[in-house]
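Structure first, commentary second.
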Amino acid sequence: MFDVPLSALVAQVFTGLVLGGILVLMAIGLSLIFGLMTVVNFAHGAFYMLGAYVAFSLLGLTKSFWATLVLAPLVVGTLGLLVERLLIRRLYGRSPDDPLLLTFGLSLAMVEGVKLLWGKIGLTVDPPKQLSSAVDLGFMNFPVYRLFVIAVTAAALVALWLFLEKTNVGLIIRAGSRDALMVRALGLDLNRIWLLVFGIGIGMAGLAGVLAGPMRGVYAEMGVEIIIECFVVVVVGGMGSLAGAIVAGLLMGEIVSLTTFFAPKLAEIVVFVVMAVVLLVRPSGLFGEAGLAE
Amino acid sequence: MIRGAFGPFTAWVTVHPIASFVVFFAIFPFIAPYQALATQVLIFGLFALGFNLLYGYTGLLSFGHAAYYGLGAYGAGLALAKLKVTSLWLALGIGLGAAVVGGALVGFFCLRRRGIYFAMLTLAFAQMLYFIAFHAADLTGGDDGLRGIPLLPLSLFGVSVSLRHPLAFYYFAYVLVVPAVAGLKRILDSPFGAVLRAIRENSDRAVACGYDINRVKLLSFVFSALFTGLAGALDALRLTVVPVESLYWSTSGQVVIMTLLGGAGTFFGPFVGAATYLVLADRLSLFIEAWPLVIGVIFMAFVLFLPRGIWGTLTSRGIGS
Numbered sequence: 014m015f016d017v018p019l020s021a022l023v024a025q026v027f028t029g030l031v032l033g034g035i036l037v038l039m040a041i042g043l044s045l046i047f048g049l050m051t052v053v054n055f056a057h058g059a060f061y062m063l064g065a066y067v068a069f070s071l072l073g074l075t076k077s078f079w080a081t082l083v084l085a086p087l088v089v090g091t092l093g094l095l096v097e098r099l100l101i102r103r104l105y106g107r108s109p110d111d112p113l114l115l116t117f118g119l120s121l122a123m124v125e126g127v128k129l130l131w132g133k134i135g136l137t138v139d140p141p142k143q144l145s146s147a148v149d150l151g152f153m154n155f156p157v158y159r160l161f162v163i164a165v166t167a168a169a170l171v172a173l174w175l176f177l178e179k180t181n182v183g184l185i186i187r188a189g190s191r192d193a194l195m196v197r198a199l200g201l202d203l204n205r206i207w208l209l210v211f212g213i214g215i216g217m218a219g220l221a222g223v224l225a226g227p228m229r230g231v232y233a234e235m236g237v238e239i240i241i242e243c244f245v246v247v248v249v250g251g252m253g254s255l256a257g258a259i260v261a262g263l264l265m266g267e268i269v270s271l272t273t274f275f276a277p278k279l280a281e282i283v284v285f286v287v288m289a290v291v292l293l294v295r296p297s298g299l300f301g302e303a304g305l306a307e
Numbered sequence: 190m191i192r193g194a195f196g197p198f199t200a201w202v203t204v205h206p207i208a209s210f211v212v213f214f215a216i217f218p219f220i221a222p223y224q225a226l227a228t229q230v231l232i233f234g235l236f237a238l239g240f241n242l243l244y245g246y247t248g249l250l251s252f253g254h255a256a257y258y259g260l261g262a263y264g265a266g267l268a269l270a271k272l273k274v275t276s277l278w279l280a281l282g283i284g285l286g287a288a289v290v291g292g293a294l295v296g297f298f299c300l301r302r303r304g305i306y307f308a309m310l311t312l313a314f315a316q317m318l319y320f321i322a323f324h325a326a327d328l329t330g331g332d333d334g335l336r337g338i339p340l341l342p343l344s345l346f347g348v349s350v351s352l353r354h355p356l357a358f359y360y361f362a363y364v365l366v367v368p369a370v371a372g373l374k375r376i377l378d379s380p381f382g383a384v385l386r387a388i389r390e391n392s393d394r395a396v397a398c399g400y401d402i403n404r405v406k407l408l409s410f411v412f413s414a415l416f417t418g419l420a421g422a423l424d425a426l427r428l429t430v431v432p433v434e435s436l437y438w439s440t441s442g443q444v445v446i447m448t449l450l451g452g453a454g455t456f457f458g459p460f461v462g463a464a465t466y467l468v469l470a471d472r473l474s475l476f477i478e479a480w481p482l483v484i485g486v487i488f489m490a491f492v493l494f495l496p497r498g499i500w501g502t503l504t505s506r507g508i509g510s
């Protein structure tokens with residue numbers, strides 16, 4: 014039916030992996046924050062956007078992509094700490110709708126604030142010289158920067174996994190997302206853990222923004238576009254499930270990428286169709302536990 | 190303190206909501222700061238009223254009400270511009286039909302998940318509709334919006350009235366919004382309305398009382414889509430164009446902001462909120478380009494410190510009371 018060269022198809026699968034990787038970085042932070050604090054962070058996309066803008070400015074200041082790659086997520090994560098401490102903390106104990114509404118307002122304000130600071134016109138960021146060529150994989154050429162994005166995503170996920178599984182703090186986080194009351198009863202200070210987790214989640218959104226900048230450009234609306242895709246990913250994967258975020262994120266990346274290849278007009282719609290099907294067949298999501306924060 | 194000063198006034202309005210509405214909006218065009226505002230407040234107030242039925246009274250936070258507003262607008266707009274329907278009433282009916290069918294379908298899917306997922310799902314489905322309208326440019330005009338909607342004269346009992354004058358259009362909208370407001374009052378006062386509030390306060394208890402809460406929620410969703418669709422259809426007639434942004438998430442966000450500013454779960458909150466938002470946006474945009482930044486900050490302050498909104502604070506009603 015489709016007469017396409019195999020190498021083009023494989024390239025598209027790799028592109029899907031890149032798209033999916035960015036989505037996973039975003040969705041996993043969203044899911045982590047939700048799992049622990051039942052806060053749906055609407056501003057997650059705005060922090061992704063901020064990461065890209067901060068990277069643009071840091072790149073101008075430091076002239077080093079590598080320094081930017083480390084510093085920009087730290088800057089964004091620190092801002093995340095402030096937001097949790099000053100705004101979101103006030104809403105614990107209220108309806109879970111309230112943090113969602115608050116972060117929606119925050120997201121609006123951030124988009125306009127970014128336009129004030131960096132201008133309304135989108136910016137472009139070049140990948141570093143070492144990564145700007147294409148590599149010959151034997152059967153096709155593929156931009157090195159995209160392979161690099163896949164590698165960084167994988168490294169960040171492994172680091173997060175090690176942190177959650179192998180450290181004491183990680184143990185408390187996992188326990189806290191199961192039963193916060195019990196963890197408090199054991200005399201642990203969950204407020205600090207929440208602060209930390211919010212910072213980590215926001216930092217990962219910042220990292221995703223830094224990585225996406227050179228591929229997709231930097232513009233104020235980039236955050237809202239991705240937050241909606243992330244919502245789809247967590248609905249499909251199951252909110253609060255990290256494995257779900259990874260599988261659903263990669264799945265969505267591939268679906269979008271392959272649809273773009275065969276039927277570009279449908280690419281923006283197909284994710285929602287997949288979501289509707291999952292809702293019909295398995296309402297709690299692929300990896301979700303029914304009843305979590307419902 | 191604030192409540193004290195307005196006490197007798199808000200008390201009377203709370204006891205006689207429909208009469209207050211009829212009287213106030215009959216003279217509103219003459220006391221509004223500028224005339225275009227009056228019609229906008231009516232239409233966006235109705236939009237917020239539809240949203241409020243679902244969020245304020247049933248406790249379901251929809252972040253996708255642009256969908257039913259847009260379906261109402263495109264339904265009426267396409268009927269007039271493409272189907273060349275010659276009756277305003279028929280065009281409005283088609284708009285309402287589109288919104289109700291859309292609401293029933295999306296509601297069915299979204300109600301498969303509860304709680305916080307609901308907000309994300311409604312947002313996602315609304316965005317899907319936006320992309321469909323965006324790409325189906327042959328039918329909807331795509332990015333340029335749906336143009337060429339004629340403003341037909343209104344025909345009633347053989348008399349034809351032109352709606353070109355802004356005041357004529359205002360009272361045309363008024364005649365449609367008043368029954369909608371009375372209809373909402375009827376719904377809220379019925380046993381069905383009591384079940385809605387029971388679900389908002391404690392859905393497990395409503396289940397235990399033997400109510401089929403999914404059916405009730407879906408019905409509330411469809412009613413909400415009906416009011417919202419009427420607002421969309423009216424706006425299409427007012428503007429004689431349907432911008433594709435009417436389906437965009439920002440439209441959904443706008444109605445959320447309006448309702449919370451005015452007071453979710455209060456009868457007049459949506460209209461108070463629509464007026465506040467529209468005046469704020471109009472005045473702020475005169476001297477600051479980044480006015481949504483100010484609105485965003487004000488909205489955050491309301492969520493944090495005034496969750497009952499303006500009308501809810503004045504009357505001590507609404508969500509959280």
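Line order of the protein sequences matches chains A and B.
For the numbering used here, count along the first sequence from 1 and bump the result up by 13.
For the numbering used here, count along the second sequence from 1 and bump the result up by 189.
Think of the CB as a built atom: it goes at the ideal place given N, C-alpha and C, for glycine as much as any other residue.
Quantities reported herein were computed from a predicted structural model and do not represent experimental measurements.
In this structure, DSSP gives alanine 276(A) a state outside helix and strand, which the three-state scheme calls coil.
Excluding the 5 residues flanking it on each side, leucine 285(B) has same chain C-beta neighbours closer than 8 Å at Gly261, Gly264, Leu415, Gly418, Leu419, Ala422, in chain order. Taking a contact as a CB-CB distance under 8 Å, the pair isoleucine 35(A) and alanine 225(A) counts as one, their CB atoms being some 5 Å apart. Around arginine 229(A), the same chain offers Met235 as residues with beta carbons nearer than 8 Å, after the five sequence neighbours per side are excluded.
Taking a Cβ-Cβ threshold of 7 Å, the residues of chain B close to alanine 289(A) are Phe298, in chain order. With respect to the 8 Å criterion, arginine 427(B) and isoleucine 232(B) are classified as neighbours on the basis of their beta carbons.
Here serine 344(B) carries a strand assignment [DSSP, helix/strand/coil]. Within chain A, the residues whose beta carbon sits less than 7 Å from that of valine 492(B) are Asp111, Leu114, Leu115, Gly118, listed in sequence order.
With its beta carbon at least 8 Å from every one in chain A, arginine 506(B) lies outside the interface. Listed in chain order, the positions of the region 254-284 of chain B with a beta carbon within less than 9 Å of a beta carbon of chain A would be empty, since no residue qualifies.
Assigned with DSSP and collapsed to three states, valine 295(B) falls in helix.
Relative to arginine 302(B), the option among Leu250(B), Ile338(B), Glu478(B), Lys271(B) whose CA is nearest is Leu250(B). Using beta-carbon distances, glutamate 125(A) counts as an interface residue toward chain B, with a partner under 8 Å. Taking 8 Å as the cut-off, the Cβ atoms of glycine 331(B) and phenylalanine 323(B) count as close.
Using beta-carbon distances, methionine 252(A) counts as an interface residue toward chain B, with a partner under 8 Å. Under the Cβ criterion of 8 Å, alanine 387(B) is not counted among the residues facing chain A. In terms of beta-carbon proximity, alanine 258(A) stays away from the interface with chain B, with every pair separated by 8 Å or more. Per DSSP, the beta bridge partners of valine 350(B) are Leu343(B). Listed in chain order, the positions of the region 293-321 of chain B with a beta carbon within less than 7 Å of a beta carbon of chain A are Phe298, Arg301, Arg302, Arg303, Gly304, Ile305, Tyr306, Ala308, Met309, Leu310, Leu312, Ala313, Phe314, Gln316, Met317, Phe320, Ile321.
DSSP, read as helix, strand or coil, puts aspartate 149(A) in strand. DSSP, reduced to helix, strand and coil, places leucine 335(B) within a strand of the structure shown. Beta bridge pairing from DSSP links valine 431(B) with Leu335(B).
Contact check for glycine 452(B) against glycine 501(B) passes: the beta carbons are separated by less than 8 Å.
For valine 248(A), the chain B residues whose Cβ falls inside 9 Å of its Cβ are Arg302, Tyr306, Met309, Leu310, Ala313, in order along the chain. Proximity of valine 294(A) to chain B, defined by a Cβ-Cβ separation below 8 Å, is not satisfied. Along the region 421-435 of chain B, there is no position whose C-beta sits under 8 Å from a C-beta of chain A.
A contact between stretches requires three or more CB pairs, one per stretch, nearer than 8 Å, and the region 282-296 of chain A fails this requirement with the region 52-67 of chain A. Annotation: the region 26-111 of chain A contains the following complete segments of the alpha helix (DSSP H) (minimum length 4 residues), in chain order: 57-75, 78-99.
In this structure tryptophan 438(B) does not touch valine 247(A) by the C-beta definition: roughly 17 Å separates them, more than the 8 Å allowed. A straight-line Cα-Cα distance of about 48 Å links valine 411(B) and phenylalanine 161(A).
Using beta-carbon distances, isoleucine 499(B) does not count as an interface residue toward chain A, since no partner is under 8 Å. Counting along the chain, phenylalanine 155(A) sits inside no alpha helix (DSSP H); it lies in the beta strand (DSSP E) bounded by residues 154-156. For isoleucine 46(A), the closest alpha carbon among the candidates Tyr105(A), Asp139(A), Val290(A) is that of Tyr105(A).
Out of Phe457(B), Glu478(B), Tyr466(B), the CA that lies nearest to the CA of leucine 242(B) is found in Phe457(B).
Rounded to whole angstroms, the gap between the alpha carbons of glycine 454(B) and tyrosine 244(B) is 7 Å. By the neighbour-count definition (other C-beta atoms within 10 Å, threshold 16), threonine 180(A) is an exposed residue.
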